[in-house]
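In this note's numbering, the protein residues as written are 38 to 196.
In this text, a Cβ means the ideal position worked out from N, Cα and C, and glycines have one as well.
The structure displayed is predicted, hence computed values, not measured ones.
Shown next, in structure tokens, is the structure this report addresses.
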């Protein structure tokens, strides 16, 4: 829903009645707010959070390469993303308003030679013939298993 549509609807209603259903107005305003959110990658969300709320930086400072290199996790990714001119507007809108975070794809990992799947439970990460876990790329990297994406002996499948 666009703000102009909301205003037109309010004007139509106001022609017929002086009563306003506040619940409908709030619901419509929430729809407008949701439709104006931009979507950013997780590493940008992390940088915005750190720069804005933890370090209390200005948007100008948060976009400077030197600041990013010094203070951002995944600084090379952040720099490459904000250098893209089309992402700068998205960054500014995310900084000023609310935003959503892109969902990371999930993967299963299978050892080709044993046909066993990577699983992660109370035993920790291990291969299992029947049980499998879904992992994001960051999950695998945190477990020290980021190498599976480059290993010919492993089959990594997006789920």
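- For a cut-off of 8 Å, the C-beta gap from residue 149 to residue 190 is around 5 Å, short enough to register as a contact.
- Distance from the CA of residue 106 to the CA of residue 167, rounded to the nearest whole angstrom, comes to 43 Å.
- DSSP places residue 147 inside the beta strand (DSSP E), whose first and last residues are 143 to 148.
- Counting only runs of 3 or more residues that sit fully inside the segment 145 to 175, the beta strand (DSSP E) segments are 154 to 158, 161 to 165, in chain order.
- Bounds of any alpha helix (DSSP H) do not take in residue 138; it lies within the beta strand (DSSP E) bounded by 136 to 138.
- Excluding sequence positions up to five before and after residue 116, its CB lies within less than 6 Å of the CB of 102, 105, all in the same chain and listed in chain order.
- Given a length threshold of 3 residues, each whole run of the beta strand (DSSP E) inside the segment 47 to 128 is given here in chain order: 75 to 77.
- DSSP, reduced to helix, strand and coil, places residue 189 outside both helices and strands of the structure shown, so it counts as coil.
- A Cβ-Cβ contact shorter than 8 Å links residue 73 with residue 134.
- Comparing C-alpha distances from residue 111 to each of 131, 82, 97 shows the shortest one belongs to 82.
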